[in-house]
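Here the protein sequences line up with chains H and B, keeping their order. Using the working numbering, the letters of the first sequence correspond one by one to residues 1 to 372. Using the working numbering, the letters of the second sequence correspond one by one to residues 373 to 880. We treat Cβ as the ideally placed atom computed from N, Cα and C, and that holds for glycine. The structure appears below as C-alpha cells.
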Amino acid sequence: MSTTDQQSPEGSATDSGQSENAIELREVAGLSQGQIVRRRFVRHRGAMVAIVVLSFVVVLAFSSVGIAGWTGWWRFTPNELNPIVNGGEPTLMFPAWLGGDAGIWFHWGLHPFGQDEIGRDVFARVMRGTQTSLIITATVGLVATGVGILVGALAGFNRGRTDDILMRITDLVITMPVIVIGAVLGQLAGGNNPLIFGTFLGLITWTTLARLVRGDFLTLREREFVDAARVAGASNSRIMFKHMLPNAIGVIIVNTTLLMSSAILLETALSYLGVGIKAPATSLGLLISQYQEAFSTRPWLFWWPGLMIVIIALSINFIGDGLRDAFDPRQKRIPSERKMAKAMLVDGSAARASTTTVQPPMQGGNAGLGPS
Amino acid sequence: MISFLWRRLLAGLATLLVSTFVMYILASASMDPFGDLGQSTAANKEALIAQRIQLLDLDTPVVIRYFKWLGNFVQGDLGTAWVSDQPVSSVLHGAILSTIQLVTAATVIAIIFGVAVGIVSALRQYSSFDYLMIFVSFLLYSLPAFWVAVLLKQWGAIGFNDFLADPVISWVAITVVSILAGLLWSLAIGGERRQRALTFVVAFAATFSTFAFLQLTDWWTHPSINPPLLALLGTATAFAVTTLSTGLKNRRALAASLTTVVIGLVLYLPLQVFFKSVAESWLMMFVLALITVAVGVGVGYAWGGPDRGVSARTAAITAVLVAAMLFINQVMRVWPAYYNAPAINGRPVPTIGDRTPNLGGNFWVTTLDQFMHLLLPTLALVLIGFAAYTRYSRSSMLEVMSQDYIRTARSKGLPERTVIMRHGFRNSLIPLATVVPIDIITLLGGAIITERVFARPGMGTLFLFSLTHAEIEPVMAYLVIVAALAIIANIVADLVYAGLDPRIRVNA
Numbered sequence: 001m002s003t004t005d006q007q008s009p010e011g012s013a014t015d016s017g018q019s020e021n022a023i024e025l026r027e028v029a030g031l032s033q034g035q036i037v038r039r040r041f042v043r044h045r046g047a048m049v050a051i052v053v054l055s056f057v058v059v060l061a062f063s064s065v066g067i068a069g070w071t072g073w074w075r076f077t078p079n080e081l082n083p084i085v086n087g088g089e090p091t092l093m094f095p096a097w098l099g100g101d102a103g104i105w106f107h108w109g110l111h112p113f114g115q116d117e118i119g120r121d122v123f124a125r126v127m128r129g130t131q132t133s134l135i136i137t138a139t140v141g142l143v144a145t146g147v148g149i150l151v152g153a154l155a156g157f158n159r160g161r162t163d164d165i166l167m168r169i170t171d172l173v174i175t176m177p178v179i180v181i182g183a184v185l186g187q188l189a190g191g192n193n194p195l196i197f198g199t200f201l202g203l204i205t206w207t208t209l210a211r212l213v214r215g216d217f218l219t220l221r222e223r224e225f226v227d228a229a230r231v232a233g234a235s236n237s238r239i240m241f242k243h244m245l246p247n248a249i250g251v252i253i254v255n256t257t258l259l260m261s262s263a264i265l266l267e268t269a270l271s272y273l274g275v276g277i278k279a280p281a282t283s284l285g286l287l288i289s290q291y292q293e294a295f296s297t298r299p300w301l302f303w304w305p306g307l308m309i310v311i312i313a314l315s316i317n318f319i320g321d322g323l324r325d326a327f328d329p330r331q332k333r334i335p336s337e338r339k340m341a342k343a344m345l346v347d348g349s350a351a352r353a354s355t356t357t358v359q360p361p362m363q364g365g366n367a368g369l370g371p372s
Numbered sequence: 373m374i375s376f377l378w379r380r381l382l383a384g385l386a387t388l389l390v391s392t393f394v395m396y397i398l399a400s401a402s403m404d405p406f407g408d409l410g411q412s413t414a415a416n417k418e419a420l421i422a423q424r425i426q427l428l429d430l431d432t433p434v435v436i437r438y439f440k441w442l443g444n445f446v447q448g449d450l451g452t453a454w455v456s457d458q459p460v461s462s463v464l465h466g467a468i469l470s471t472i473q474l475v476t477a478a479t480v481i482a483i484i485f486g487v488a489v490g491i492v493s494a495l496r497q498y499s500s501f502d503y504l505m506i507f508v509s510f511l512l513y514s515l516p517a518f519w520v521a522v523l524l525k526q527w528g529a530i531g532f533n534d535f536l537a538d539p540v541i542s543w544v545a546i547t548v549v550s551i552l553a554g555l556l557w558s559l560a561i562g563g564e565r566r567q568r569a570l571t572f573v574v575a576f577a578a579t580f581s582t583f584a585f586l587q588l589t590d591w592w593t594h595p596s597i598n599p600p601l602l603a604l605l606g607t608a609t610a611f612a613v614t615t616l617s618t619g620l621k622n623r624r625a626l627a628a629s630l631t632t633v634v635i636g637l638v639l640y641l642p643l644q645v646f647f648k649s650v651a652e653s654w655l656m657m658f659v660l661a662l663i664t665v666a667v668g669v670g671v672g673y674a675w676g677g678p679d680r681g682v683s684a685r686t687a688a689i690t691a692v693l694v695a696a697m698l699f700i701n702q703v704m705r706v707w708p709a710y711y712n713a714p715a716i717n718g719r720p721v722p723t724i725g726d727r728t729p730n731l732g733g734n735f736w737v738t739t740l741d742q743f744m745h746l747l748l749p750t751l752a753l754v755l756i757g758f759a760a761y762t763r764y765s766r767s768s769m770l771e772v773m774s775q776d777y778i779r780t781a782r783s784k785g786l787p788e789r790t791v792i793m794r795h796g797f798r799n800s801l802i803p804l805a806t807v808v809p810i811d812i813i814t815l816l817g818g819a820i821i822t823e824r825v826f827a828r829p830g831m832g833t834l835f836l837f838s839l840t841h842a843e844i845e846p847v848m849a850y851l852v853i854v855a856a857l858a859i860i861a862n863i864v865a866d867l868v869y870a871g872l873d874p875r876i877r878v879n880a
C-alpha cells in the first residue's frame, strides 16, 4: 500500500479500493467462521450505525422514565398532569445550522416533545411507549424464531408423517388471524403486560419462518454434503443443526429481521385498533391511536410516536441486513467494477483492469461457436 | 398428484374444523355482549339482560353453541348480525366485493414493481442503485401502515385535490423531477460512463417531454390516451415485452407484438362506437380480455417461425397491455363529466368509503369513481407491499445468481438476457412462490387497518365492528372465509413449489 501512495494523486480513493480487495483476499486465511462473520458485520456501515442508533434508543427509553420501581432521570412521569406551557407545543428547537431558531446548540426547554391536551409530557409518554414496544418486539422475535426454526427444520428434514403433522399445525396457526388472538388477550390479560402479549404474538407469527426453513431443508437434504455427513456418522440432530442450518441461515436471518420489524408494526397496529396494549399501560401504537384526532391541531402528538416506530424498525432492518451479509459464506463481497479497475491500474496490470469482473462481454450472444 | 390434492383438501377441511372450533371459543371468550347494558340505568335492566341472554342463547355452554352454529353453517345459514338485525350473508356480500377491489390492484402493482426492482437491485449488487433501493425498501418496510394511511389521508388527498383544481406544475419542478428520473434510470441501468450519460440524457428527455406534453395539451383536465399516445406507448410496450420475453433479436416475436399494437390502434374508434351501443359490464370486460389474449396468441402463431410458442406468448402479453390502455382511455374520457358532477364538488380524490353516494352515471363513471376511491388506499398498501417483495426477490435473486449453473450458462455462451431471465429469474421465483399466495390471503383478510383508516366497508371493517360489538356470527363467517382461503393458498403454494422445483416431489 505504501507504494501506491506516492504514485497516485487520488491516494485515498485507490487506497480504499485496494485495501478492500486485499482484505477480501486475506480475510479467510486462518480465521474461524465466527471471526469472519464478526469482521464482516463490523465492516457493514449501515448495520453499525443502526446498532448505535438502536442502543441509544434503548438506553434512552429505559433510563429516562425508568422501569419497574426505578424512576429515571427525566423530570416528568408519563401520567402526571403539568401546567400547559406555550400551548403545549414542543419546546425543542433546532440549532441555527439545522435551520432552527436556537443558537449554536439544541434548545431543549421544559417539554421538548410538547404536551398533550391535558398537559402530560409527551417525551415521557413516548419513552414509556417505546419501552413497551421494545419489550414486545424482543419477546416476539425470540419466541417466533425459536419455534419457527424448530418446526421448519423437523418438518423439512424428516419429511413424511412428521412433516404432515407439523405443516397441518402450521396451517392451523396461519388460519387464525393475529387480530383475534390480540383481541382475546386484550380481554383476558387486560392488555397490560408486554411480556405476555409479546409471547402470544410470537406464538402466532412463527409460521412464515417455519415454512421457509422447511422449504430450504427440503432442498438442502438432497445435497451431497448431507449424505457425506451421514456417511461420516453424524446424528440427525447434528446434520440438521450443524450442517444444514448454517446453509439456511440467510433465509432465517432475513426473515427474523422482517419478523422483528413487523412485530413492532403488528403490535402498534393492534394497539392502534384497540385490541392490543390498553391504557393505563401505553405503547407507541396506542399513543398514535389516542392522538390521531389531534392531527390538525396538535400534529406533534402524532409525529413523535410514529417517528420512534420508524427509527426502531429501520434500525432492526439494517442490523438484519448486516447480519445476512456477514453470515452468508457464499456471499462474497465484490468491490464495484470501478474500484477493481482502479486498484488494478495501480497494480500496473493495466490490461486486466479493462476487463470486467462480473460477466464476459457479449457479442450478440454468439460466443464464437460459428454462425448462429 | 390427484391423491396428493385430495389428501391436502381433506386435511385442510379438518384444519378448518379445528380452527373454527378454537376460534369460536376464543372469539366468544373475548366478547362482552352486555357491554352496552353494563352501564345502563334503565329500570328494566334485569329484564333486558335476560332478553339478551335468550336472544344470544348464552345459557348454553359455548361448546354446544359452537356445534349449533356449525350445524346451521353447514346447511348454509350464516346467522344474523344481531346488532343491526341483518342476515350475515347479505352483509358479507358487499364487504367481500369491496375488499377484493382494494386488494387485487394493490397486490399486482406491488408484486410487479417489487420483484422488478428487487431483481435489478440484485443484478447490480453493491452499486449505488442497490444501496438506494435497500434504503428505500427498508424505510418503506419500517413505516407503520396506519401512520402512512393517516398521513396520506390528511396530506395526500388535500394536496392532490388542490393540484387537480389548478393542474399546473412549475417548470422548475418538472426539471427537477426529470433530473431525478434521469439519475435513477442511469443508476439502474449502469454500465460504462458513456452509457450512463446516454441513459441519463434519454431518461431526462423522456420524462421532461412527457410532463411538458401533459402540461401543454391540458391533459390533466382532459385526460385520455389518444391514438398518437397509444401508438407511442404501445410501441414502447411491444419493445419492452419482447426484450424481456425473447430478446430483440427474435424479429418474428417483435413483429407479432407490434402487430397487436396496430390492431389496438385500428380498433380505437370502433371500440368507442361499440361501447356506446351496448350496456357494459365487468363480465363483458372479462370476455373481451379473453378475446384479447386469443387474438394475441393467434397473431403470434400467424407470424410463426420455428418458435411459435414464444412469439404467441410475447404477442399475447403485449395485446393484454394494449387492451388495458384502451380500457384506461375509456375510463379517462369521462373524467371532465365526473369532475364537474355535483356529487364530486371539485374534490375528486376521496378519503372515505368505496363509492360516491348519489353519483349516477354509466358504467365508466362508476368505474372511475371506484378507481378514485381506490387511489389512496391502494397507494398505502403498495408502499408497504413493495418493500417486502423487493427484499425477497433481491435476496433470492442474489442466491440464485451465485449458483454454479449460472456460471455454466454464461460460460457456454448464452446471451445475458437468457441467463438472467431463464436461468436466474425463474429460479429466483421459487422462494417467492411460497410467500406470495399467503401474502395475498393475508391481505384479503387483513387490509383491516387500511380499510379502517379510509372507512371502506370491507371485510376488515366488518370484522372489527362485529368483534367490538360482540356479534359472533359475522365474526365467524369472516374467520371461516379467511381460514378457508388461507388453506387453499397453502395448497397452491405447495403445488407451485413442486411445479417450479423438480427436486421437490409432491407425492413423496
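Check A351 of chain H in the structure and name its three-state DSSP category.
Model confidence at A351 of chain H stands at a pLDDT of 48, short of 50, so the residue's coordinates are unreliable; what they give is reported in the following sentence. Note: A351 of chain H maps to helix in three-state DSSP.
Specify the secondary structure class of Q115 of chain H as computed by DSSP and reduced to three states.
The three-state secondary structure of Q115 of chain H, taken from DSSP, is strand.
Euclidean distance between Cα positions of T632 of chain B and L746 of chain B:
Looking at the two C-alpha atoms, the distance is approximately 30 Å.
Would you mind giving the Cβ-Cβ distance between V754 of chain B and F518 of chain B, rounded to the nearest angstrom? I have them listed as a contact below 8 Å.
Not confirmed; about 16 Å, so no contact.
Answer with buried or exposed for T432 of chain B, where buried requires no fewer than 16 other C-beta atoms within 10 angstroms of its C-beta.
exposed
Exposure of P874 of chain B, with buried meaning 16 or more beta-carbon neighbours within 10 Å:
exposed
Nearest to F580 of chain B by CA position, among B:T547, B:I597 and B:S558, is which residue?
B:T547
Residue-level contact to chain H via CB, N416 of chain B, 8 Å cutoff:
Not a single CB atom of chain H sits nearer than 8 Å to the CB of N416 of chain B.
Contact residues within the stretch 508-529 of chain B, judged by C-beta distance below 8 Å to chain H:
If the cut-off is 8 Å between Cβ atoms, the stretch 508-529 of chain B has F510, L511, Y513, S514, L515, P516, A517, F518, W519, V522 and Q526 near chain H.
Between V475 of chain B and A855 of chain B, which are expected to be in contact by the criterion C-beta below 8 Å, what is the C-beta distance as a whole number of angstroms?
With a Cβ gap of about 17 Å, V475 of chain B and A855 of chain B do not count as contacting.
For D538 of chain B, which of B:P720, B:Y777, B:D811 and B:L555 has the nearest alpha-carbon?
B:P720
Is the stretch 292-311 of chain H touching the stretch 167-175 of chain H in the sense that three or more CB pairs, one from each, lie closer than 8 Å?
no
Where do the N-terminal and C-terminal ends of the alpha helix (DSSP H) with L450 of chain B fall, by residue?
Per DSSP, L450 of chain B belongs to no alpha helix (DSSP H) and is neither H nor E.
Please confirm whether any heavy atom of the ligand PLP lies closer than 7 Å to the CB of V42 of chain H.
Within the structure as shown, the ligand PLP is missing, as the structure has no ligands at all.
Inter-residue spacing [alpha-carbon to alpha-carbon] between I860 of chain B and T806 of chain B:
Each residue's Cα considered, the two are about 12 Å apart.
Express the C-alpha separation of F41 of chain H and L323 of chain H in angstroms, rounding to a whole number.
6 Å
Would you kindly work out how many angstroms separate the C-alpha atoms of A351 of chain H and S596 of chain B, rounded to a whole number?
With a pLDDT of 48 at A351 of chain H, under the threshold of 50, the modelled position of this residue cannot be trusted, and the question is left open.
With 16 as the cutoff for other CB atoms within 10 Å, does L389 of chain B come out buried or exposed?
exposed
Could you give the DSSP three-state label for D321 of chain H: helix, strand or coil?
helix
Do you know how far the Cα of G129 of chain H is from the Cα of M403 of chain B?
So the alpha carbons of these two residues sit roughly 27 Å apart.
Give the residues from the stretch 373-390 of chain B that approach chain H closer than 9 Å (Cβ to any Cβ), ordered along the chain.
R379, A383, G384, A386, T387, L388 and V390
Nearest-angstrom Cα separation, counted from P708 of chain B out to I530 of chain B
20 Å
Considering only the alpha carbon of each residue, which of B:T618, B:L748, B:T387 and B:V460 lies closest to M848 of chain B?
Measuring from the Cα of M848 of chain B, the nearest candidate turns out to be B:V460.
Start-to-end residues for the alpha helix (DSSP H) that takes in G447 of chain H
Nothing in the structure corresponds to residue 447 of chain H, since chain H is present only between 1 and 372.
Any 3 or more C-beta pairs closer than 8 Å across the stretch 209-228 of chain H and the stretch 135-153 of chain H
yes
Given that a residue counts as buried once 16 or more other Cβ atoms are within 10 Å of its Cβ, and exposed if not, what is V892 of chain B?
Past the edges of chain B, shown from 373 to 880, lies residue 892 of chain B, and the structure says nothing about it.
Starting from N701 of chain B, follow the alpha helix (DSSP H) in both directions and report where the run begins and ends.
R680 to M704
Using beta carbons (cut-off 8 Å, strictly below), is R828 of chain B in contact with chain H?
Answer no: the Cβ-Cβ gap between R828 of chain B and chain H never drops below 8 Å.
Would I546 of chain B count as contacting chain H if we go by Cβ distances under 8 Å?
no
Outcome for G871 of chain B when other beta-carbon atoms lying within 10 angstroms are tallied against a minimum of 16:
exposed
Closer than 7 Å, Cβ to any Cβ of chain B: which residues of the stretch 288-307 of chain H, in chain order?
I288, Q292, F295 and G306
Nearest residue (CA-CA) to V682 of chain B, options B:A628, B:F658 and B:G718
B:A628
Beta bridge counterpart(s) of Q473 of chain B as assigned by DSSP
Per DSSP, none; premise fails for Q473 of chain B.
Cβ of S133 of chain H less than 8 Å from any chain B Cβ?
Proximity of S133 of chain H to chain B, defined by a Cβ-Cβ separation below 8 Å, is not satisfied.
Please look up how many angstroms separate the CB atoms of S774 of chain B and S800 of chain B, rounded, as I've assumed it's under 8 Å.
About 11 Å; that fails the 8 Å criterion.
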